[in-house]
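One structure is given below, encoded as structure tokens.
There are 2 protein chains.
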Amino acid sequence: MFNAYKKLYMSDRQKEHTKNINVHTLEVDQYPKVTLSVDCVIFGIEQEHLKVMLIRSDIAEFRKQWTLLGDLVHEKESLDEAAKRVLQTRTGLSDVFLEQVHTFGEINRHPSGRVVSTAYYALVNMTKCNLNNYEHELHWHAIEDIKELAFDHNKILNICVDRLREAVQNRYVAFKLLPPVFSLRQLQDIHEAVLGKRLDRRNFRKKIISLDFIEDTGKIESDVSHRPGKLYKLKSSS
Amino acid sequence: MFNAYKKLYMSDRQKEHTKNINVHTLEVDQYPKVTLSVDCVIFGIEQEHLKVMLIRSDIAEFRKQWTLLGDLVHEKESLDEAAKRVLQTRTGLSDVFLEQVHTFGEINRHPSGRVVSTAYYALVNMTKCNLNNYEHELHWHAIEDIKELAFDHNKILNICVDRLREAVQNRYVAFKLLPPVFSLRQLQDIHEAVLGKRLDRRNFRKKIISLDFIEDTGKIESDVSHRPGKLYKLKSSS
DNA sequence: CCAAAAGTGTTACAATTACACCCATGA
DNA sequence: TCATGGGTGTAATTGTAACACTTTTGG
Chain A
4 MFNAYKKLYM SDRQKEHTKN INVHTLEVDQ YPKVTLSVDC VIFGIEQEHL KVMLIRSDIA
64 EFRKQWTLLG DLVHEKESLD EAAKRVLQTR TGLSDVFLEQ VHTFGEINRH PSGRVVSTAY
124 YALVNMTKCN LNNYEHELHW HAIEDIKELA FDHNKILNIC VDRLREAVQN RYVAFKLLPP
184 VFSLRQLQDI HEAVLGKRLD RRNFRKKIIS LDFIEDTGKI ESDVSHRPGK LYKLKSSS
Chain B
4 MFNAYKKLYM SDRQKEHTKN INVHTLEVDQ YPKVTLSVDC VIFGIEQEHL KVMLIRSDIA
64 EFRKQWTLLG DLVHEKESLD EAAKRVLQTR TGLSDVFLEQ VHTFGEINRH PSGRVVSTAY
124 YALVNMTKCN LNNYEHELHW HAIEDIKELA FDHNKILNIC VDRLREAVQN RYVAFKLLPP
184 VFSLRQLQDI HEAVLGKRLD RRNFRKKIIS LDFIEDTGKI ESDVSHRPGK LYKLKSSS
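Each protein sequence line maps, in turn, to chains A and B.
When you line the first sequence up against my numbering, it's residues 4 to 241, in that order.
When you line the second sequence up against my numbering, it's residues 4 to 241, in that order.
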């Protein structure tokens, strides 16, 4: 009743205004639509270097420039599903670490028309990837060697690298790359590659063990030409 | 040449496959499009409580339920611009703290059809807001009192509250709410309201002063019925 | 002089960093 | 026996958390 009363005092212009600005009060069919894509920043580690998967663009404006792996979002799939699909198509992998980072909605970021793109990043085991690199030279690139990418992909890549580093340091997502049984050296190698710096072995061990995620299997490495390291596994509660 | 050679060995199915999955190699006009919206979680502080601006939905499915402030993204505006526009339209404010958080792309999140929505959050000075609450009951709600919202807006709100708390603690965004000259009590009140808990006054002062963002103006509060606090301002280097 | 909030310093605890020697293995 | 990397502890530093009394103002 109080609201009805107020409405009497609302000008037509105010009404019009209020009506038009709230999507949640209206049907959406007649509204402008845009093309949506996902871009996946697929990270892997090889020889203690953080690498990212790139492909050659062949649209005219960016001929021969490298780009991230992306695709348009289909009509009947969510953003997360689209990102999983791109990852699965390019690497053959599913069930890997994949997270949304940011959505890039500038009007002119794509030369062929308006494309809003949501960036995801993934951390995958490169040795398990099944690359389909017949066309467009799908390849891994060390991040320190990457020069200019097509579109706004340098920006996207930089944001995703920051996010990956944050996730490795604070959420220990590097565990997701490990085999069921692993040495602390393997884990430390991943951390060092992602962070791009060496870590103190003693402090690293102390920290990881204090997290109480892992337990000693009693087994050790074999076939190494030095003292073999202990092998650990995730605690069942993790 | 190496690539051309490889192509000879690529099956038609592989070619088809590779071509279709990379948006960056194709024109986009013929692709499926979706409706894009932004949802703004507009935070304010009143009486030491964190509040958020909500409005009543009037689409049938959610009649009378509260929703965040959203709108469709226009054809010629970026996501950031759309979020600024929503904020400006609802509060009359521009130049406030506003950041993108996450994009929600589930297929059935909106009952009227597919709407992908990018969530932003803002922290505004409630006393400067010029609310247009004639229709749909645009109002502030204390976050601890919020029950069920329309759409997936509880989820969006929760993620944005977490983000705001992180930003206040680690990036000190509460400074953005302060007038040019302020007391440490004002700053602490904002922190306490956002975090939902009391902070130790001595530790808080020590921490803030150690950041070296602010300097003493030499002035003190007036018109308070107790010992007046010192007034500070941001250092010019900040 | 009373009520209310401002201002202030020390101690304990936790987390992080720096650092050097011996050990187990394969070659 | 040598080269390689594994395994380990301690001390210094830094950051965080807990805690109580005196001061200044208005009423």
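Ideal Cβ placement from N, Cα and C applies to all residues, glycine included.
Note that the structure is a prediction, hence the values are computed from the model and not measured.
By the criterion of Cβ-Cβ separation under 8 Å, what are the contact partners of B:K36 in chain A? Going along chain A in sequence order, the residues near B:K36 (Cβ under 8 Å) are K36, V37, T38 and L39.
Cut-off 6 Å between Cβ atoms - residues of its own chain near A:S60, not counting five sequence neighbours on either side: Q68, T70 and A153.
Can you give me the Cβ contacts of B:F65 inside the same chain, cut-off strictly under 6 Å, excluding the 5 residues immediately before and after it? Excluding its 5 nearest sequence neighbours in each direction, B:F65 has C-beta neighbours in its own chain below 6 Å: A153, listed in chain order.
Taking only beta-carbon positions, decide if A:D155 is within less than 8 Å of chain B. No, no contact with chain B.
With a threshold of 8 Å, are at least 3 pairs of Cβ atoms found where one atom belongs to the stretch 33-50 of chain A and the other to the stretch 74-93 of chain A? The answer is yes - the stretch 74-93 of chain A touches the stretch 33-50 of chain A, with three or more Cβ pairs under 8 Å.
Taking 8 Å as the threshold (C-beta atoms), are A:Y124 and A:V104 in contact? Closer than 8 Å, so yes.
If you measure from the beta carbon of A:D226 to each beta carbon in chain B, is any gap under 8 Å? Chain B contact via Cβ: absent.
Between B:C151 and chain A, is any beta-carbon pair separated by less than 8 Å? Per the sequence shown, residue 151 of chain B should be read as Glu rather than Cys. Output row for B:E151: interface = no.
Thinking C-alpha only, which one of B:D74, B:P114, B:K210 and B:K79 is nearest B:I62? Nearest option by C-alpha distance: B:P114.
Could you tell me if A:T106 is buried or exposed, where buried requires 16 or more neighbouring beta carbons within 10 angstroms of its beta carbon? Looking at its Cβ environment, which holds 16 or more other Cβ atoms inside 10 Å, A:T106 is buried.
By the three-class DSSP mapping on this structure, what secondary structure does B:L71 have? In the three-state reduction of the DSSP assignment, B:L71 falls in the coil class, being assigned neither a helical nor a strand state.
From the beta carbon of B:L82, is the nearest beta carbon of chain A less than 8 Å away? Contact of B:L82 with chain A is assigned, a C-beta pair being separated by under 8 Å.
If we count the other Cβ atoms within 10 Å of its Cβ and call it buried at 16 or more, is B:K233 buried or exposed? Classification for B:K233: exposed.
Throw me the rounded Cβ distance for the B:A177 and B:H52 pair, which I believe falls under 8 Å. Contact between B:A177 and B:H52 fails: their C-beta atoms lie close to 15 Å from each other, not under 8 Å.
Under DSSP, the beta strand (DSSP E) around B:V171 begins and ends at which residues? First-last for B:V171: H156 to R174, but that is the alpha helix (DSSP H), not the beta strand (DSSP E).
Distance, Cα to Cα, B:K236 vs B:E49? CA-to-CA, the gap between B:K236 and B:E49 works out to about 22 Å.
Does chain A have any CB closer than 8 Å to the CB of B:L75? Closer than 8 Å: yes.
Consider the Cβ of A:V99: report whether some Cβ of chain B lies at a distance smaller than 8 Å. With respect to chain B, the C-beta atom of A:V99 has no partner C-beta closer than 8 Å.
Using a Cβ cut-off of 7 Å, pull out every chain B residue sitting near A:H105, in sequence order please. Residues of chain B whose Cβ lies closer than 7 Å to the Cβ of A:H105 are, in chain order, Q103.
For A:S186, which residues in the same chain have their Cβ closer than 8 Å to its Cβ, ignoring the five residues on either side in sequence? In the same chain as A:S186, and ignoring 5 residues on each side of it, the C-beta atoms closer than 8 Å to its own belong to E224, G232, K233, L234 and Y235, in chain order.
Three-state secondary structure assigned by DSSP to B:E49: Three-state DSSP puts B:E49 in a strand.
Cα separation between B:I24 and A:R188? The predicted model places B:I24 with a pLDDT of 49, which falls under 50 and marks its position as unreliable, so this point remains unresolved.
Is any beta-carbon of chain A found at less than 8 Å from that of B:T130? So, not an interface residue.
Can you say whether A:T220 is buried or exposed, counting buried as having 16 or more other CB atoms within 10 angstroms of its CB? A:T220 is exposed by the Cβ-count criterion.
Assigned secondary structure, A:K233 (DSSP; H/G/I helix, E/B strand, else coil): DSSP places A:K233 in strand when its eight states are reduced to three.
Taking a contact to mean a Cβ-Cβ separation below 8 Å, would you say A:K131 touches A:L101 in this structure? Against a cut-off of 8 Å, the Cβ pair of A:L101 and A:K131 comes out as no contact.
Identity of the residue in B:L57, B:P35, B:Y34 and B:E169 nearest B:I149 by Cα: Looking at the Cα atoms, B:L57 is the closest of the given residues.
Is it the case that the Cβ atoms of B:P35 and A:E78 are separated by a distance below 8 Å? Cβ distance < 8 Å, so B:P35 and A:E78 count as in contact.
Partners in chain B for A:E109, counting only beta-carbon separations shorter than 7 Å: Counting only Cβ-Cβ distances below 7 Å, A:E109 has contacts in chain B at S81, in chain order.
Beta-carbon contacts of A:L141 that lie in its chain and below 6 Å, excluding the five residues immediately before and after: If we look at A:L141 and ignore the five residues flanking it on each side, its Cβ neighbours are I58 and L134.
Thinking just about the alpha-carbon of each residue, which of B:R112, B:V227 and B:D203 is nearest to the one in B:S120? With distances taken between Cα atoms, B:S120 lies closest to B:R112.
Looking at the C-beta of B:E169, does it have a partner C-beta in chain A at a distance below 8 Å? No - not a single Cβ of chain A is within 8 Å of the one on B:E169.
Under a CB-based cut-off of 8 Å, is A:V127 close to chain B? False, the Cβ-Cβ gap to chain B never drops below 8 Å.
Paired residues, beta bridge with B:K54 - DSSP: DSSP output for B:K54 lists B:G47 and B:A145 as bridge partner(s).
Locate the alpha helix (DSSP H) running through A:E102, then write down its first and last residues. A:E102 -> not in any alpha helix (DSSP H); beta strand (DSSP E) instead, spanning F100 to F107.
Pairwise C-alpha distance: A:K210 and A:C163: Going from the Cα of A:C163 to the Cα of A:K210 covers about 25 Å.
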